[in-house]
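Written below as structure tokens is the structure these notes are about.
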Amino acid sequence: MELSDIVKAAFEEAYPGEDFGGVRVLPATDPKFGDYQCNDALKFAKKAHANPREVGAKVAEALKGNDVFEKVEIAGPGFLNLTVSGGWLNSRLSTLDSKPSCGIPQKGAGKKIVIDYSSPNAAKQMHIGHIRSTVIGCAIDRIFRSLGYDVIADNHLGDWGTQFGILIKGYRELLTDEERENLTVANLEKCYVLSAAKAKEEDGVWKDACRAELVKLQQGDKDNLALWKRFIDISIGEFDRMYAKLGVKFDTYRGESYYNDTMPGVVAKLQEMGLAVESEGALVVNLEAEKLGVAIVRKSDGGYNYTTSDLACVKTRVEEYDPERIIYVTDARQQLHFKQWFSIAAKMGYTTKLVHVPFGLMSYQGKAISTREGNLIKLDELLAEAKRRALAIVQDRAASMGKGAGMPYPPRASEPEGATRRGESPSVPADETLAEQIGYGAVKYSDLSHDPITDIDFSWDKALALEGNSGPYLQYAYARVCSLLEKASGGTDGGSGAPEPLPVDGSFLVATPAEKRLALQLLEFPGAVVRAAEAYKPSVLADYLFQTAQLYSSFYQSSPILKSEPTVRAARLKLCSLFGKVLSTGLGLLGIDTPRHI
RNA sequence: GGGACUGUAGCUCAACUGGACAGAGCGACGGUUUCCUAAACCGUAGGUUCCGGGUUCGAUUCCCGGCAGUCCCA
Numbered sequence: 034m035e036l037s038d039i040v041k042a043a044f045e046e047a048y049p050g051e052d053f054g055g056v057r058v059l060p061a062t063d064p065k066f067g068d069y070q071c072n073d074a075l076k077f078a079k080k081a082h083a084n085p086r087e088v089g090a091k092v093a094e095a096l097k098g099n100d101v102f103e104k105v106e107i108a109g110p111g112f113l114n115l116t117v118s119g120g121w122l123n124s125r126l127s128t129l130d131s132k133p134s135c136g137i138p139q140k141g142a143g144k145k146i147v148i149d150y151s152s153p154n155a156a157k158q159m160h161i162g163h164i165r166s167t168v169i170g171c172a173i174d175r176i177f178r179s180l181g182y183d184v185i186a187d188n189h190l191g192d193w194g195t196q197f198g199i200l201i202k203g204y205r206e207l208l209t210d211e212e213r214e215n216l217t218v219a220n221l222e223k224c225y226v227l228s229a230a231k232a233k234e235e236d237g238v239w240k241d242a243c244r245a246e247l248v249k250l251q252q253g254d255k256d257n258l259a260l261w262k263r264f265i266d267i268s269i270g271e272f273d274r275m276y277a278k279l280g281v282k283f284d285t286y287r288g289e290s291y292y293n294d295t296m297p298g299v300v301a302k303l304q305e306m307g308l309a310v311e312s313e314g315a316l317v318v319n320l321e322a323e324k325l326g327v328a329i330v331r332k333s334d335g336g337y338n339y340t341t342s343d344l345a346c347v348k349t350r351v352e353e354y355d356p357e358r359i360i361y362v363t364d365a366r367q368q369l370h371f372k373q374w375f376s377i378a379a380k381m382g383y384t385t386k387l388v389h390v391p392f393g394l395m396s397y398q399g400k401a402i403s404t405r406e407g408n409l410i411k412l413d414e415l416l417a418e419a420k421r422r423a424l425a426i427v428q429d430r431a432a433s434m435g436k437g438a439g440m441p442y443p444p445r446a447s448e449p450e451g452a453t454r455r456g457e458s459p460s461v462p463a464d465e466t467l468a469e470q471i472g473y474g475a476v477k478y479s480d481l482s483h484d485p486i487t488d489i490d491f492s493w494d495k496a497l498a499l500e501g502n503s504g505p506y507l508q509y510a511y512a513r514v515c516s517l518l519e520k521a522s523g524g525t526d527g528g529s530g531a532p533e534p535l536p537v538d539g540s541f542l543v544a545t546p547a548e549k550r551l552a553l554q555l556l557e558f559p560g561a562v563v564r565a566a567e568a569y570k571p572s573v574l575a576d577y578l579f580q581t582a583q584l585y586s587s588f589y590q591s592s593p594i595l596k597s598e599p600t601v602r603a604a605r606l607k608l609c610s611l612f613g614k615v616l617s618t619g620l621g622l623l624g625i626d627t628p629r630h631i
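Counting in the working numbering, the first sequence runs from 34 upward without gaps.
So, in structure tokens, the structure goes:
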């Protein structure tokens, strides 16, 4: 039984027949208030015009005799301060420990959702501006999956539009034979830039030629279609290389082009319903009544725009998947656009919950990221630099551990012949992998640890922070707890790469304040995941994990474990093991790797 | 001109949706390694939560009016 249910029952006992709605029991803001607090006596007192302290007293009275609580106090204007019993705490820890996925509730079982994120433009390389949608979207994806939702991750590529006329023309006339043969995204990008520049020439000849190629493509010309297909395949290949590094996986890659054939029907329906009307040659939906301006669904030249393609996309997804909701992770500039077409979709009768998760703009040195500003750092370069910095530290650390005071890793009998360990061979491939895990983890965490809506001015040092509130801090805490558990179990490495820390026998027995604070915090894990999902903010989970790791570090520092007497040692190891599980599960939801040795 | 978002320590950010003394990281200063990984831990300094009203027992949080920054629309 949840604490909130117990306290709610006490309210009902004290005031029979009253409606208390959601009674909330939250962790105490300060340990001196106890373990948990409930402020709802104040709320109820206001509603019932009663004295809040009296309400508190009556509820406290009703809670008396309940062996969950060791102490129930009323403080200040009517706060209920609750101290739980050791027995309850130990049994809750034990329950959490035994549950799969550290007790994340399966709220989404049987529900399907679509998450639309990353969505880069084809024929261009990914750059730091793509990190946010990709990393935040991936974390939301993983969080919802962990809650039991059936998630379809869809990458809505920018794979259609005028840029392909420019590209095809450029491909035919501006690239060398060799470049055409070994076509890469970098070449495509170069080709686009050159061709686009020529399209701006005074005489307009090149521009017209590009336009002609585009029309041919749109009309299904075989050669152009084949070229377009090739561009897309090459682009996706390149994107996948980035996604592999970032641990991102999509279920589908349906770009804008996928919805081409659906758009005319959508527009026809809008006209039929009287939603879309002619205006200056274009077809528009008037949303002035909702203060959303006017949305164009067919331009005066007959072309469609994003509003139309997004509506076509919703139609397709609803018909094919019938999801409970669709989540779009895009930058905040598109808020008006999403409000507009969400409104139109509702008018068309779509009841699927549509959610826009906007994230703040990324700038670099105070300027918006753009080709024109020339401040476009390629994602590949960022990841390479992240790896390079992590590798320098990994190797430096390995070198300093190999010499100096004593052997940090005493030889272990159980270790297989020829095994390499951290601190022994500074430049084996294991270091490369580790540097990737740490460097990429730093990049992801630096983004995920902030509320998505925050604007970010990119800086190398911030993105690649390795200390303090950073990804590596959490990875380090994990490596230490793994190391501890390995030593406790006699040094077996478990080097199969299994993310779970070693299981520990025995039972929970929380005694000291440091243990208790960590224990109470660990119990909050499922709640933190739920809150992160409800708010569509991975930062909620990141923040929780950081706080948890801090409490663990503090506990670790103050409490000897391996050298404690057997009962204490066993109890502390249980706590360490649970911490390790929570941390690796949580970091997994953020898409951050958890190496067992650093 | 209309709208959205943001404004909290020197800097970067939290604050579980109205709770108790606004917390972390970085930076600064000072401590902790014969001891389980010092990428760590402990301590000190640092605040008119942009400003002014309002609602409330209680406001960083909600409402109104300003100011500033970013963005979107026309």
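Every residue gets a Cβ at the ideal spot worked out from N, C-alpha and C, and that includes glycine.
Keep in mind that this is a model prediction, so the values were computed, not measured.
Taking a contact to mean a Cβ-Cβ separation below 7 Å, would you say Ala155 touches Asp130 in this structure?
No, Cβ-Cβ distance for Ala155 and Asp130 is not below 7 Å.
Are the CB atoms of Gly472 and Ala423 nearer to each other than 7 Å?
Yes. Within cutoff.
Assuming Ala47 and Ala95 form a contact by the criterion Cβ under 8 Å, report the distance between their Cβ atoms to the nearest whole angstrom.
About 5 Å separates the two Cβ atoms, so the contact holds.
Can you check which of these residues, Lys91, Val92, Ala93, Leu75, is closest to Pro85 by C-alpha distance?
Nearest C-alpha to Pro85: Leu75.
Helix, strand or coil, according to DSSP, for Phe53 in the structure here?
Note: Phe53 maps to coil in three-state DSSP.
Could you give the distance in angstroms between the alpha-carbon of Phe197 and the alpha-carbon of Trp261?
Cα to Cα, Phe197 sits roughly 7 Å from Trp261.
Pull up the distance between the alpha-carbon of Val300 and that of Lys145, whole angstroms please.
Near 27 Å, if we compare the C-alpha coordinates of Lys145 and Val300.
Is the beta carbon of Ser166 sitting closer than 7 Å to the one on Val362?
Taking 7 Å as the Cβ cut-off, Ser166 and Val362 qualify as a contacting pair.
Can you give the Cα-Cα distance for Ala142 and Glu357, rounded to whole angstroms?
Spanning the two alpha carbons is a distance of roughly 12 Å.
Using DSSP's beta-bridge definition, name the partner residues of Asn408.
Looking at the DSSP assignment, Asn408 forms no beta bridge with any residue, so it has no partner.
Here's the rule I'm using: 16 or more other beta-carbon atoms within 10 Å means buried, otherwise exposed. How should Gly530 be labelled?
Only weak support exists for where Gly530 lies, its pLDDT of 48 falling under 50; the value from the coordinates is given anyway. Classification for Gly530: exposed.
Give me the residue from Leu415, Met381, Leu258, Tyr292 with the minimum Cα distance to Tyr337.
Ranking Leu415, Met381, Leu258, Tyr292 by Cα distance to Tyr337 puts Tyr292 first.
What residue does the alpha helix (DSSP H) around Pro546 start on, and which one ends it?
Start and end: 546-556.
What number of angstroms, rounded off, separates the C-alpha of Val12 from the C-alpha of Asp626?
Given that the chain is displayed from residue 34 to residue 631, the structure contains no residue 12 and the question cannot be resolved.
With respect to the beta strand (DSSP E) encompassing Val543, which residues constitute its N-terminal and C-terminal limits?
It is not in any beta strand (DSSP E) - Val543 carries neither H nor E in the DSSP assignment.
With H, G and I counted as helix, E and B as strand and the rest as coil, what does DSSP make of Val101?
If DSSP states are grouped into helix, strand and coil, Val101 belongs with coil.
By the DSSP assignment, the alpha helix (DSSP H) with Met296 in it spans what residues?
296-305 is the extent of the alpha helix (DSSP H) around Met296.
Reducing DSSP to helix, strand and coil, say where Asp38 ends up.
Reduced to three states, the DSSP call for Asp38 is helix.
Just to confirm, is the Cβ distance from Asn123 to Phe612 under 7 Å?
Not closer than 7 Å, so no.
Decide if the stretch 174-194 is in contact with the stretch 480-500; the criterion is three or more beta carbon pairs, one per stretch, under 8 Å apart.
With the cut-off at 8 Å, the stretch 174-194 and the stretch 480-500 do not touch.
Measure the beta-carbon distance from Leu180 to Pro133 and round it to whole angstroms, keeping in mind my assumption that it falls under 8 Å.
Leu180 to Pro133, Cβ: 13 Å. No contact.
May I ask you to report which of helix, strand or coil DSSP gives Phe197?
If DSSP states are grouped into helix, strand and coil, Phe197 belongs with the helices.
Please state whether the Cβ-Cβ distance between Ala582 and Leu574 is less than 7 Å.
No, Cβ-Cβ distance for Ala582 and Leu574 is not below 7 Å.
Rounded to whole angstroms, what is the Cα-Cα separation between Asn72 and Tyr569?
The straight-line gap from Cα to Cα measures roughly 26 Å.
Taking just the CA atoms, how far does Ser597 sit from Leu103?
The amino acid occupying residue 103 in the given sequence is Glu; Leu does not appear at that position. Taking the straight line from one Cα to the other gives about 27 Å.
Which same chain residues, not among the five before or five after Glu450, have their C-beta less than 6 Å away from its C-beta?
Low local confidence applies: a pLDDT of 36 at Glu450 is under 50, so the model's placement there is unreliable, and no value is given.
Taking only runs of the alpha helix (DSSP H) that begin and end inside the stretch 76-147, which ones reach a length of at least 4 residues, in chain order?
Counting only runs of 4 or more, we get 85-96, 119-131.
Can you check whether the CB of Gly393 is closer than 7 Å to the CB of Ala365?
Cβ atoms of Ala365 and Gly393: closer than 7 Å.
Give, in chain order, every unbroken run of the beta strand (DSSP E) that is at least 3 residues long and sits entirely within the stretch 178-233.
Counting whole runs of 3 or more residues, the stretch 178-233 contains the beta strand (DSSP E) stretches 183-187.
So is Pro571 buried or exposed if we call it buried at 16+ other beta carbons inside 10 Å?
Looking at its Cβ environment, which holds 16 or more other Cβ atoms inside 10 Å, Pro571 is buried.
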